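As they're listed, the protein sequences go chains R and W.
Using my numbering, read the first sequence as starting at 203 and increasing by one per residue.
Using my numbering, read the second sequence as starting at 64 and increasing by one per residue.
In this text, a Cβ means the ideal position worked out from N, Cα and C, and glycines have one as well.
Given the structure is predicted, the values throughout are model-derived calculations rather than measurements.
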Amino acid sequence: MEKKLSEFSRGERGVVLRIEGEGRVRRRIFDMGVTPGAEILLRKLAPLGDPVEVTVRGYELTLRKSEAACVTMEVL
Amino acid sequence: MLKFALAGNPNCGKTTLFNALTGSTAHVGNWPGVTVDKREGVYKKGSVPVSVVDLPGIYSLSPYTPEELIARNFILEEKPDCVINIVDATNLERNLYLTTQLLEMDVPVVVALNMMDAVRKKGDALDSARLEKELGVPVAEISALRGEGIGDLMQCAYKAAQKKREGSSVLAHSSLSHLLADVTIALRGEGISHPLFHAVKLAEGDEEEVKAHPQQMQTVRAFQKQCAGEEFAGDLEAQIADARYKYITARFSAVLTRSAKPNTLSGSDKADRVLTHRIWGIPLFLVILFGIFHLTFGEDLFYLNAIFKIGFDVETGNDILNSFVAVFFSSAGVSSPGVILFNLMDFVCSLAGDGIANGVSAAGAAAWAQGLVNDGIWAGVSGVLSFIPQILFLFLLLSILEDSGYMARVAFILDRAFRKFGLSGRAFIPMIMGFGCSVPAAVNTRTLADEKERIMTNRVIPFFTCGAKAPILAAVCGAIAAQYAGINADLLVFALYLFGMAMAVLSVAVMRQTTMRGEVAPFIMELPAYHLPQFRSLMVHLWDKLKHYVQKAFTIIVASSVVIWFLSNFAWNWQMVEIQNSILYDIGAFVQWVCTPMGFGVQLGQFGWVFVVAAVTGLIAKENVISTFYVLAPAIGALIPGWDDGESGIGPVVALMEATGITWQGLVAFTVFNMLTIPCFAAAATVRGETPKGKFRYTVAFWMLTSYFTATAVYLVLSWWWTAFILLALAALFVAYIILRGRRAACRMRCGAEK
């Protein structure tokens with residue numbers, strides 16, 4: 203099932219299919235290891251519901267829901 | 064001398080290795096991007112000394128933040144003899160991503176596999192010989208923290224530096240190989256160094272590269288058109304990033320063997336459960352912040368006296384013993400560690416002051432020379448010196464927050480709240496550092512990617528009351544509490560700190576609606592694992608700061624104190640006179656009216672101008688504000704009947720403030736002015752360097768106007784509460800104007816789009 207990373211709930215796991223968006227932000231998302239095929243676990247939401255904390259490639263990354271919305275995932 | 068550069072991801076132990084190599088006092092931190100400028104040191108333990116440069120931490124050679132640009136340009140332009148790429152073995156995949164880019168440069172590379180001890184502890188195994196074969200460059204296992212394997216690493220680097228190395232790319236076997244080969248050859252033909260690196264960056268569409276090599280870009284564009292129907296549809300940027308990570312996962316999953324142990328919660332996870340808790344996360348942050356200030360400035364530790372009434376003044380026969388006991392315990396209760404440090408230093412300073420005064424008079428110096436030494440130089444310097452241990456203690460606590468990795472979590476939990484005002488949580492990290500000192504905080508804004516965010520952050524960093532402003536707050540709140548029973552000096556200080564933070568947030572919100580319109584900067588950031596701060600790195604922080612403050616005390620502060628003393632003791636005809644006939648009196652009286660709206664102007668009578676003079680000297684360095692009071696106190700005290708200087712500590716300053724007859728409202732406004740105005744020459748110069756050219760005058764104007772008008776508003780509202788309505792009405796008009804203007808601008812844009 204396809205789903206945006208921003209729509210994931212706590213503890214949900216998936217594999218990156220593709221990344222939309224453009225420019226430097228997209229580039230940064232790639233650089234941080236969020237590329238097609240990477241497995242991502244949504245660990246938690248910040249106290250105010252945004253940003254989110256994910257585990258990707260063995261480390262913890264935080265990004266906002268608006269940025270996570272660029273990442274299309276296949277739910278595991 | 065050979066030159067080696069240390070490159071690696073933020074938080075991979077790079078600076079720890081740098082310290083181990085050079086024994087230098089570089090700053091180590093535990094949130095991504097703490098090395099904000101390159102640092103240089105010399106490694107002397109090898110056969111020949113080598114200069115070692117510590118570059119800022121980077122995730123990629125496609126620069127995203129200004130500090131990443133510094134790192135990239137260093138390797139490209141300064142041509143180090145060898146790049147030592149530190150790789151965090153516990154986080155292999157993302158770290159090797161940078162390695163694959165470094166390898167494309169024509170420079171010898173050695174990989175230092177750091178934190179191998181942590182990998183083994185987890186029960187995992189890493190085959191470094193295999194990694195070496197795959198990468199084609201030497202790999203050395205090290206533990207920077209324990210200093211293991213560093214000699215071997217440097218031997219590898221020496222050897223590698225002897226030979227030239229040509230760049231190689233993991234993309235050589237991909238569908239891009241022909242394109243890259245063609246562009247590389249063309250670039251090499253033009254005599255450009257690192258041709259392969261530039262070819263890859265060109266294919267990625269890196270803005271600077273496209274500008275620099277327009278001809279080769281045409282080759283790239285033609286290629287992009289060809290692959291329109293393929294998987295990435297000519298999106299080479301995505302294709303390259305993908306190819307790098309695919310290469311890494313394909314080859315290196317074999318290198319790393321994970322233990323069969325099930326994933327248990329690490330200590331870091333447990334800490335995070337509490338510290339970033341959905342409900343308790345934010346209150347906990349506020350408690351931690353308050354705790355830090357309480358431990359530094361609290362006169363009544365844990366409010367034991369307020370609750371249990373345990374305090375009393377210890378009276379023995381000996382005066383010196385009495386004041387020594389009062390260092391730790393008095394009628395106010397048990398002192399906090401910060402206050403103990405202050406009292407101790409003050410105790411030492413007053414003993415030294417007596418010694419100096421006796422020495423000078425015993426030497427038979429003239430009256431003016433005695434005055435110069437005692438009231439001019441020593442009064443000013445000791446006023447600053449006695450605060451140094453307390454400020455260092457504050458710095459220590461902030462450094463612990465920083466090194467432990469908590470700062471990154473603060474950014475995480477507060478991002479949502481900050482976004483409302485137009486800032487990302489990331490920008491909050493340099494701001495909190497501003498509580499220590501504005502200079503490193505301003506330098507730290509280089510870790511912010513967005514230019515507008517960087518400018519705004521630089522402008523409001525001084526609103527986070529720094530260590531040098533803390534004495535002003537302590538003295539003013541002490542004076543107010545002394546006048547009015549029932550006011551708690553501690554809480555008042557904390558309220559003023561909060562006021563500064565509120566002003567910062569408010570200023571950003573206003574700038575976002577006026578001069579700095581735009582989207583909030585993106586927030587994509589690593590959350591490093593927590594670890595206990597290293598004792599050595601904490602000491603490095605403190606030592607740096609201590610040097611800074613002591614240097615300042617004996618240069619700027621001495622000079623300013625001497626000038627103030629001279630102006631307050633001499634008349635225009637160079638004769639030594641009483642203060643009411645001095646040059647300073649005339650100057651003060653002349654400019655005093657400017658400060659009338661803020662409550663410390665003409666309404667104060669004959670000595671009101673001391674506040675004006677203190678505020679003006681404070682523009683040079685904030686320590687000057689208090690040292691000016693110390694220098695002027697004896698001269699003015701001599702003219703006031705029943706003057707009691709309170710003997711030690713901030714006593715003379717408090718007494719002077721009372722003697723001038725300033726109201727508490729005026730005192731608060733005075734503090735607010737000092738908190739919000741030009742921070743000091745050092746910080747202003749740093750901010751100037753960190754913001755784009757031409758913006759600095761607006762920044763100075765912003766500081767001057769904000770401080771003047773806010774202090775005025777504070778004075779008015781505190782003195783006559785009903786003026787709040789007038790000010791609120793004015794503010795409402797202003798907001799309405801901004802909203803209207805914003806709508807008109809939006810409308811204009813829409814109409815423009817329709818045409």
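Buried or exposed by the 16-neighbour rule on C-beta atoms within 10 Å, applied to residue i
i         : result
Leu367(W) : exposed
Ser645(W) : buried
Gly86(W)  : exposed
Ser450(W) : According to the sequence as given, residue 450(W) is Phe; it is not Ser. Answer is buried; the Cβ neighbour count reaches 16.
Gly541(W) : buried
Tyr800(W) : exposed
Arg284(W) : exposed
Met639(W) : exposed
Met47(W)  : An answer regarding residue 47(W) cannot be provided, because it is not within the stretch 64 to 818 covered by chain W.
Tyr761(W) : exposed
Lys615(W) : buried
Val608(W) : Checking the sequence, you will find Lys at residue 608(W) rather than Val. Buried.
Trp672(W) : buried
Trp637(W) : exposed
Phe598(W) : exposed
Trp656(W) : exposed
CB contact below 8 Å: residue i versus chain W
i         : result
Thr264(R) : yes
Arg215(R) : no
Ala271(R) : no
Ile242(R) : no
Phe210(R) : no
Glu255(R) : yes
Met234(R) : yes
Thr274(R) : no
Arg230(R) : yes
Ala248(R) : yes
Val227(R) : yes
Residue from the options with nearest C-alpha to residue i
i         : options                                       : result
Pro591(W) : Glu140(W), Asp215(W) and Phe475(W)            : Phe475(W)
Gly418(W) : Gln433(W), Arg183(W) and Ser123(W)            : Gln433(W)
Thr773(W) : Asn737(W), Ala745(W), Arg751(W) and Leu242(W) : Asn737(W)
Arg482(W) : Pro238(R), Val236(R), Val273(R) and Ser268(R) : Ser268(R)
Thr264(R) : Ile221(R), Val236(R), Thr274(R) and Val277(R) : Val236(R)
Gly488(W) : Ser208(R), Ala248(R) and Cys272(R)            : Ala248(R)
His357(W) : Tyr560(W), Met519(W), Arg509(W) and Ala220(W) : Tyr560(W)
Ser624(W) : Glu362(W), Ala296(W), Ala538(W) and Ala442(W) : Ala442(W)
CB-CB length for residue i against residue j, believed under 8 Å
i         : j         : result
Thr819(W) : Leu457(W) : Shown here, chain W extends from 64 to 818; a query on residue 819(W) therefore has no answer.
Asp151(W) : Ser256(W) : Not confirmed; about 29 Å, so no contact.
Glu156(W) : Gly260(R) : 6 Å
Asn437(W) : Val423(W) : 7 Å
Gly401(W) : Gln453(W) : 5 Å
Any non-hydrogen atom of the ligand FAD within 7 Å of residue i CB
i         : result
Glu271(W) : Within the structure as shown, the ligand FAD is missing, as the structure has no ligands at all.
Residue-chain proximity (residue i, chain R), Cβ-Cβ < 8 Å
i         : result
Phe475(W) : yes
Lys77(W)  : no
Gly344(W) : yes
Ser237(W) : no
Pro755(W) : no
Thr163(W) : no
Tyr771(W) : no
Arg284(W) : no
Lys264(W) : no
Ser467(W) : no
Any chain A beta carbon closer than 8 Å to residue i
i         : result
Met588(W) : You won't find chain A in this structure, because its protein chains are R and W.
Quiz prompt | Validate contact between the stretch 331-340 of chain W and the stretch 185-201 of chain W using beta carbons, cut 8 Å, 3 pairs | solution = no
Quiz prompt | Meets three-Cβ-pair contact criterion under 8 Å: the stretch 614-634 of chain W and the stretch 464-482 of chain W | solution = no
Quiz item: Is the number of C-beta pairs between the stretch 572-582 of chain W and the stretch 247-254 of chain R that are closer than 8 Å three or more?
Solution: no
Exercise. Evaluate contact between the stretch 599-609 of chain W and the stretch 73-82 of chain W, counting only Cβ atoms and requiring at least three cross-stretch pairs below 8 Å.
Key: yes
Quiz item: Three or more C-beta pairs closer than 8 Å, one from the stretch 118-125 of chain W and one from the stretch 224-235 of chain R: is that the case here?
Solution: yes
Quiz item: Is the stretch 559-579 of chain W close to the stretch 124-138 of chain W, with three or more CB pairs under 8 Å?
Solution: no
Quiz prompt | contact_flag[the stretch 495-509 of chain W, the stretch 544-552 of chain W] where n(CB pairs < 8 Å) is 3 or more | solution = no
Quiz item: Is there contact between the stretch 242-254 of chain W and the stretch 274-282 of chain W, where contact requires at least three CB pairs shorter than 8 Å?
Solution: yes
Exercise. Count the C-beta pairs between the stretch 741-751 of chain W and the stretch 773-785 of chain W that are closer than 8 Å, then say yes if the count reaches three, no if not.
Key: no
Self-check item: Stretch-stretch touch, CB-based, cutoff 8 Å, three pairs: the stretch 690-704 of chain W with the stretch 658-665 of chain W
Solution: no
Quiz item: For the 8 Å Cβ check, are there 3 or more pairs between the stretch 346-355 of chain W and the stretch 380-387 of chain W?
Solution: no
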